[in-house]
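Residue numbers (the working numbering): 892 to 1482.
Note that beta-carbon positions come from the ideal geometry of N, C-alpha and C, so glycine has one too.
These notes are about the structure you will find just below.
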């Protein structure tokens, strides 16, 4: 298809851009910056903040560049006195409804609103401040997702993200005009909503109005307590992003370097959750084959359950599929259970002295760790605290650690080994690919080619609602599907329930592109989509590792030989599996 181009001028510079391109996109693609806050490509294109208004020759009024398409012969000015004055005035109006105590905000130094105010030398003299007070600012402090109404600028990004990307619609615009405000739909308490805690609203919020509950102080108190043994584990997707906020490339910011940093912070032991992912594959692949053999998957497929955001969505939106969720715990929960049993016994440590801390790219993991079904027989939680990627970066800065100067440190024994199959858990399709590698071996006794199932990979969740693959394992046809992002999950589940498609095994991740695009990953002012490039980091690691099959991990083999016996054994069921009916989401039907 031939692309029609249009010729325009921006600040006297002649440009040729594809027809349908907005003025904002045309300008930024040629290095011309136009201030904006609300715009989010394909998600929030409503021109709400009006900071991006520009002059167009022949137009009496300024036009919003984010929603105005470039036309042949158009002449645009982005830096006139009139444009700057309008931008400053609009920014002052926004700030009159925003708590400007930036030093008390978690996003200080990485906030687009703050940056624009500094660049435009904004003063609020003469503007009446209308910052929310009283009941309008209430928010439950224990909830994993936190909202500060005094910092909301009503850009609508959270509403549009929750509606268009996730189809959960937690947020809504309450009232209108000067009284308009963003809040939970229908005036609900957030704890009464069906929020999945995917955290995508946080990632796309341009201010500090949305953030995760901070657990860094509680973790640091544990580290300082000499009677407590602190054990950290690092999720596969963390290695793709933790260095971004510290100016480090993915090649520099390795998981081994982060291991060294966590040791410098005071953690007694540090492990890689990729080991837990390998363990999950041993159980989940075995569970899939067992359920398939018993006919449990004749009507509906088995679904992965390692993403707690997806599990929360499933329980509220598709309760009839809850029984189809794998009972295997997620990797960090399995690892936590093993740390307080197998590891504690080997090291001669009283499990009650251990505090397990999971470093995750996820908000929902905080809620998952607190579930009553994630405790052992003695009532000890598998995982005590969950820190997001952002929180661990703040901890590094609080400790004044120069990350680039820390040497790479190997993970602790006896669970130091991990495979490429475990690493790719951090990207959409990775769980399915890893499971199929081992499932094929369990059936045939031979390893398939490690990239035999790469058709389930997907760089961008927007490209298609889901990906599917049909293959033969041991002479039997197996059909699988993979989806990421809850709108895509909704489309897939609807098709499954209606009988329009038939699969045996389905992987779903709540966040688009999987954990690499998780709601706990770093936030950036530039809105560049880093999800795909983060996922590529994991695939490259998988390609380079000497072990690419979970069942070949020697530490996993030793764990089963010495302690668990075999996948799905009585001991494994007790420690590594869970009951999805053992807790309820708000409004969940009695089944």
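In terms of DSSP beta bridges, what is residue i paired with?
i	result
residue 944	955
residue 1161	1123
residue 968	946
residue 1073	1064
residue 909	896
residue 1276	1248
residue 1370	1361
residue 1415	Partner(s): none; residue 1415 has no beta bridge.
residue 1091	Answer is none; residue 1091 lacks a bridge partner.
To the nearest angstrom, report how far apart residue i and residue j are at their CA atoms.
i	j	result
residue 1361	residue 1155	47 Å
residue 1295	residue 903	43 Å
residue 1038	residue 1333	47 Å
residue 1462	residue 1335	26 Å
residue 900	residue 1434	47 Å
residue 1101	residue 972	34 Å
residue 983	residue 1080	31 Å
residue 1230	residue 1237	10 Å
residue 1179	residue 1197	14 Å
residue 1370	residue 958	42 Å
residue 1078	residue 1136	35 Å
residue 1429	residue 1450	25 Å
residue 921	residue 960	16 Å
residue 1194	residue 1266	23 Å
residue 1245	residue 932	45 Å
residue 1204	residue 1385	13 Å
residue 1183	residue 1109	44 Å
residue 1304	residue 1466	20 Å
residue 1232	residue 1026	45 Å
residue 1189	residue 938	49 Å
residue 1482	residue 1199	The pLDDT assigned to residue 1482 is 42, lower than 50, so where the model puts this residue is not dependable, and the model offers no usable value.
residue 1474	residue 1277	19 Å
Less than 8 Å separating the beta-carbons of residue i and residue j?
i	j	result
residue 1306	residue 1373	no
residue 945	residue 914	yes
residue 1256	residue 1104	no
residue 1262	residue 1243	no
residue 1124	residue 1208	no
residue 1210	residue 1479	yes
residue 1412	residue 1094	yes
residue 1060	residue 1049	no
residue 1377	residue 1058	yes
residue 837	residue 1286	The question about residue 837 has no answer, for the chain in this structure spans 892 to 1482.
residue 1405	residue 1321	yes
residue 1175	residue 1326	yes
residue 1251	residue 1167	no
residue 1181	residue 1459	yes
residue 1247	residue 1275	yes
Assign residue i to buried or exposed, taking buried as 16 or more other Cβ atoms, counted over all protein chains shown, within 10 Å of its Cβ.
i	result
residue 1419	exposed
residue 1253	buried
residue 839	As displayed, the chain neither begins before 892 nor continues past 1482, which places residue 839 out of reach and without an answer.
residue 1273	buried
residue 1268	exposed
residue 955	buried
residue 935	buried
residue 1368	exposed
residue 990	buried
residue 986	buried
residue 1469	buried
residue 1317	buried
residue 1024	exposed
residue 1140	exposed
residue 962	exposed
residue 1115	exposed
residue 1030	exposed
residue 1213	buried
residue 1301	exposed
residue 975	exposed
residue 1097	buried
At a cut-off of 7 Å, is residue i close to the ligand COA when judged by its beta-carbon and the heavy atoms of the ligand?
i	result
residue 1036	You won't find the ligand COA in this model; it holds no ligand whatsoever.
- request: Count the CB pairs spanning the stretch 1392-1409 and the stretch 1085-1105 that are closer than 8 Å, and state whether there are at least three.
  value: yes
Validate contact between the stretch 1308-1315 and the stretch 1433-1440 using beta carbons, cut 8 Å, 3 pairs: yes
- prompt: At a cut of 8 Å, does the stretch 1103-1123 reach the stretch 1149-1167 through at least three beta carbon pairs?
  reply: yes
- prompt: If you pair each beta-carbon of the stretch 1162-1174 with each one of the stretch 1282-1297, do three or more pairs fall below 8 Å?
  reply: no
- request: For the stretch 995-1012 and the stretch 926-933, state whether three or more C-beta atom pairs, one from each stretch, are separated by less than 8 Å.
  value: yes
message: With three or more C-beta pairs closer than 8 Å as the rule, is the stretch 1165-1178 touching the stretch 1213-1220?
response: yes
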